[in-house]
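A short worksheet on the structure shown next.
Protein chains: 2
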Amino acid sequence: MTEIDKISSEQLILEAAEQEFLTKGYDGARTISIAQKAGVTHAMLHYYYRTKRQLFECILAKTINTVKETMLAAMGDPNMPLVERLKDGIASHFDHMVANPLLPRFFLNEIISRPELYSLLYERVASFIREFFADLQSEADAAAERGEIEKIDIPMLIISIMSLNIFPFVAYHFIEPVMGTIIADREIFLEERKAENIELIMRRIIKH
Amino acid sequence: MTEIDKISSEQLILEAAEQEFLTKGYDGARTISIAQKAGVTHAMLHYYYRTKRQLFECILAKTINTVKETMLAAMGDPNMPLVERLKDGIASHFDHMVANPLLPRFFLNEIISRPELYSLLYERVASFIREFFADLQSEADAAAERGEIEKIDIPMLIISIMSLNIFPFVAYHFIEPVMGTIIADREIFLEERKAENIELIMRRIIKH
DNA sequence: ATAGTTATTAACAATTTTGTCAAACAATTT
DNA sequence: AAATTGTTTGACAAAATTGTTAATAACTAT
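So the sequences go chain by chain: A and B. Residue 208, in our numbering, is where the first sequence stops; the numbers in between run on with no holes. Residue 208, in our numbering, is where the second sequence stops; the numbers in between run on with no holes.
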């Protein structure tokens, strides 16, 4: 064995588990399959992580952090003026999706549908989200007052942004064949999609 | 036993299975749990449906039909002028979501992620979808030519509509607590959401 | 080198889940 | 009412999956 390929089994298992859980979900994941991907016997998995459940929770902790970062990114830079800030937030959020395309489905299925897990996440993000919402709403109200934009309801707008930014990743395998040649190049499609989402939201809030 | 409660076990199992599969997915579903919900022994399940897989495929057939109907509804009434047709399509599609709120998640998870199932659906809807797309695109091009609307790319527009209409149902459990009092009444929220989605799409295509 | 620690393996145990079967039961037909 | 058919059950078998253990190997520090 050379020094280089001495990545710890513990780490190899973690990486294999991430792939397995993110693509198949908790119920669909198999500990044996994870061990095989990691190139170790499945006893190793239990040696390091005790149970499938505990291994899952290690992955969960990682994803919850990423989700938190993604949400923060979506709030945009508070120093920018509102319209620029929203553009920035949408683009950043979308970029996070591109970087973690498997996360949305995993998140929606594994976390949200399990009350005990969901409350775990909720406690960690709800308060700071409310703050940002209140902040955005007061800025939006002020801008509307000045006649710069339409009067908008921030929670509703955020749902629109999340819908537009997240759905293409949850449904990519569905979109791809139906849209056919439109998605000849994934990179190009994603760039177009990002621009389209920003365009949609801008047209929603700008006065005409 | 009265005559009235003599709903066949076969039917009871099917209904229980639908609930189980739609909420927990194939991997998460348990045949025993289905039997219990149906109020029969789990041997009955095998007597009528042979295997879990075959029972699942009965549910699948139902959902694929519903999905097909939903997609058709989303194409709107071809006799209406384009803008009205789109409004009609969005509203109808949204109403189908309200009527089958568990379908989107099930569909995205269980069908799309399994190539063999997906091709099954794809064969049954792809051709007629392409037709509608071509139809919509030529109408949109004509309307844009006349200066009535912006020049639009139909596949992209459809992705936007699907994103906006489907996501709230996939993510409802996430949206609910974060949005807090906004969703005090589900009925009202859904009506507002439907209107908002139409508004977003209209503003995207109408010239300003 | 040796003692002590950590890592690894193969075989095995426990549990869960799906699937089978023969016997009992109910309904229907002749 | 006897025969036929379809339904239901409980007990059991098979398979799949997770989890354990004892023996062994590899590494580390003295």
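Even glycine gets a Cβ: it sits at the ideal position worked out from N, Cα and C.
If distances are taken between C-alpha atoms only, which option among the options comes closest to residue i?
i	options	result
P177/A	C58/B, P168/B, R130/B	R130/B
E20/B	A195/B, Y47/B, I7/B, L60/B	L60/B
R50/B	L14/B, M80/B, N79/B	L14/B
I7/B	T31/B, A38/B, K24/B, R30/B	A38/B
P81/A	I152/A, A143/A, R204/A	A143/A
L12/B	A126/B, I34/B, N79/B, F133/B	I34/B
V98/B	Y26/B, T31/B, V125/B, E191/B	E191/B
N245/B	E57/B, E69/B, I201/B	With chain B covering 1 to 208 only, the question about residue 245/B has no answer from this structure.
S9/A	H42/A, D27/A, S138/A, A126/A	H42/A
T63/A	I90/A, L102/A, K52/A, T31/A	L102/A
V170/B	I154/A, F107/A, A29/A	F107/A
M179/A	F128/B, Q36/B, T31/B	F128/B
R53/B	E187/B, A91/B, L117/B	L117/B
S138/B	V40/B, E123/B, E187/B, P155/B	P155/B
I205/B	K207/A, N79/A, L200/A, G89/A	L200/A
N65/A	R146/A, L136/A, R186/A, V125/A	V125/A
E196/A	I90/A, Q36/A, V40/A	I90/A
Could you tell me which residues DSSP pairs with residue i in its beta bridges?
i	result
I206/B	I149/B
Pull up the CB-CB distance for residue i and residue j, whole angstroms please, since I reckon it's below 8 Å.
i	j	result
L55/A	A17/A	5 Å
K87/A	I158/A	Contact doesn't hold; Cβ gap of about 14 Å is too wide.
K194/B	F94/B	5 Å
H173/A	S160/B	Not really, about 18 Å apart at Cβ, beyond 8 Å.
S163/B	L120/A	27 Å between Cβ atoms; not a contact.
A140/B	I152/B	5 Å
V83/B	I149/B	7 Å
M75/A	F132/A	4 Å
Y47/B	E110/B	About 25 Å separates the two Cβ atoms, so there is no contact after all.
I175/B	F167/A	Between F167/A and I175/B the Cβ distance is about 13 Å, and since that is not below 8 Å, they are no contact.
H96/A	H208/B	In fact, because the Cβ distance is near 31 Å, the residues do not count as touching under 8 Å.
L45/A	T31/A	6 Å
What do you reckon, is the C-beta of residue i under 7 Å from a heavy atom of the ligand GTP?
i	result
I154/A	Ligands in the displayed structure: none, and consequently the ligand GTP is not present.
Using a beta-carbon distance cut-off of less than 7 Å, what residues from the segment 168-190 of chain A approach chain B?
-> Within the segment 168-190 of chain A, the residues whose Cβ lies closer than 7 Å to some Cβ of chain B are P168, V170, A171, H173, F174, I175, P177, V178, M179, I182, listed in chain order.
Check: Taking Cβ-Cβ distances below 7 Å as the criterion, which residues of the segment 67-95 of chain B are in contact with chain A?
Finding: In summary, no residue of the segment 67-95 of chain B has a CB separated from any CB of chain A by less than 7 Å.
- Under 7 Å (Cβ pairs) to chain B, residues found in the segment 16-40 of chain A: Listed in sequence order: G25, D27, G28.
Checklist entry - Of the residues that make up the segment 127-160 of chain B, which ones have a beta carbon closer than 7 Å to any beta carbon in chain A? => result For the segment 127-160 of chain B, which is checked against every Cβ of chain A, the residues closer than 7 Å are I129, P155, M156, I159, S160.
Quick one: complete alpha helix (DSSP H) runs, 4+ long, within the segment 20-104 of chain A? Counting only runs of 4 or more, we get 31-38, 42-49, 52-74, 82-99.
| task | Would you list, in sequence order, the uninterrupted alpha helix (DSSP H) runs of no fewer than 4 residues that lie entirely inside the segment 110-172 of chain A? | result | With a minimum length of 4 residues, the continuous alpha helix (DSSP H) runs that stay inside the segment 110-172 of chain A are 115-145, 154-170.
Exercise. Taking a cut of 9 Å between CB atoms, which residues from the segment 191-204 of chain A lie near chain B?
Worked result: Those residues of the segment 191-204 of chain A that come within reach of chain B (Cβ to Cβ, closer than 9 Å) are E192, R193, E196, N197, E199, L200, I201, R203, R204.
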